[in-house]
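This report refers to the structure that appears directly beneath it.
In my numbering, the protein residues as written are 665 to 1035.
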């Protein structure tokens, strides 16, 4: 698996799909809780934070080619600190993969299939993720090349079909409470770019490392950030325009509620079931990405690889998903891991690693001059 390489175009599709994940399902509720009617303006700036972090990752990759960020950490911080960082990476990504798998069943149970046992969706999602995991990162990238355009088209379609239902004046007055609420709204969604950064931190060994390809990869980061950020902004904007900020705040699955009221040519209504099929692909991509991250971490830190370890990680993920039988508990756990583990870990780790590398590089140059 370590000999695989994906193209720069596949990186754009794969990165965009992982960056989006299933965030569009709940993002309307997230930002309106924190920012009210101005919440839609906080979405794109939050996703744009992926750009400087992505540039730092690829700056480190250019100095240390053919290794991932965990290996770079061992090189710069020493073996033991590097191992501790690697173990944290494994624990966070492994635990979150199980929670993301559990979210698949929770989403369907609380939306359109309340009578179907949640474990059916958990097991089905895991089997697809396990197939992609065993097939390798290139197959996963190709899967995202097919699924991500469908996700993007569905969001644009959802926005366009909701236009006739718009209530005038829902966005006014703009910035009535100033810029402060936008900051809190951005904090509610900034964990999604940080998840993306953690993913590409482990993906580095599968990417081309030529000078020209590296420039294309950097371009892919800002393209993914602006593309996904713009689509997510549309998702929040149409919900506020149709339902108003108070109702968007109340609706857990606002995008599903929107799908229930839109019509196609006055003959086809209730297109939410079509959107639910897209949701499944998005949620599986997110779950699969974190299972990949866990196996990369285990291989890097402990040098353990092979089918039995991929099966072990998958089984643990399924066990975590089945452990959380109550939806409210699972939702709280997802929120905790995203905001209090994953976000601070990526937010601090990458800049410090980049700063130490820059300091070491300058120290080496100064030492050579003196010598």
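Glycine included, every Cβ here is placed at the ideal spot set by N, Cα and C.
Values in this document were obtained by computation on a predicted structure and should not be read as measured data.
In its chain, beyond the 5 residues on either side, 672 have a beta carbon closer than 7 Å to the beta carbon of residue 880.
Just measuring C-alpha positions, the residue of 783, 837, 993 and 745 sitting nearest residue 1017 is 745.
When DSSP states are grouped into helix, strand and coil, residue 900 belongs to the helix group. Looking at 668, 726 and 718, the one whose alpha-carbon comes closest to that of residue 876 is 726. By the neighbour-count criterion, in which 16 or more other beta carbons inside 10 Å mark a residue as buried, residue 974 falls on the buried side. Short of 6 Å from the beta carbon of residue 1010, and not among the five residues preceding or following it, lie these beta carbons of its own chain, in chain order: 858, 861 and 862. Residue range 733-741 is occupied by the alpha helix (DSSP H) that includes residue 733. For the alpha helix (DSSP H) assignment, the uninterrupted runs of no fewer than 4 residues enclosed by the stretch 745-820 are, from N- to C-terminal side, 782-799. Judged by DSSP in its simplified three-state form, residue 698 adopts helix. Taking a cut-off of 8 Å on C-beta distances, the stretch 832-839 touches the stretch 892-911, as three or more cross pairs fall below it. Residue 963 counts as buried, since no fewer than 16 other beta carbons sit within 10 angstroms of its beta carbon.
For residue 914, the secondary structure class from DSSP, reduced to helix, strand or coil, is helix. In the displayed model, residue 838 falls within coil according to three-state DSSP, outside both helix and strand. With a beta-carbon spacing of about 17 Å, residue 757 and residue 988 fall beyond the 8 Å limit used to define contacts.
Following the DSSP letters along the chain, one finds residue 703 in no alpha helix (DSSP H), marked with neither H nor E.
A Cβ-Cβ contact shorter than 9 Å links residue 693 with residue 915. Shown here, residue 969 sits in coil according to DSSP, grouped into three states, outside any helix or strand. Shown here, residue 959 sits in a helix according to DSSP, grouped into three states. If you look at residue 991, you'll find it in the alpha helix (DSSP H) that goes 991-1001.
If only uninterrupted beta strand (DSSP E) runs of at least 3 residues are considered, none is enclosed by the stretch 858-908. In this structure, the alpha-carbon of residue 961 lies about 30 Å from that of residue 896.
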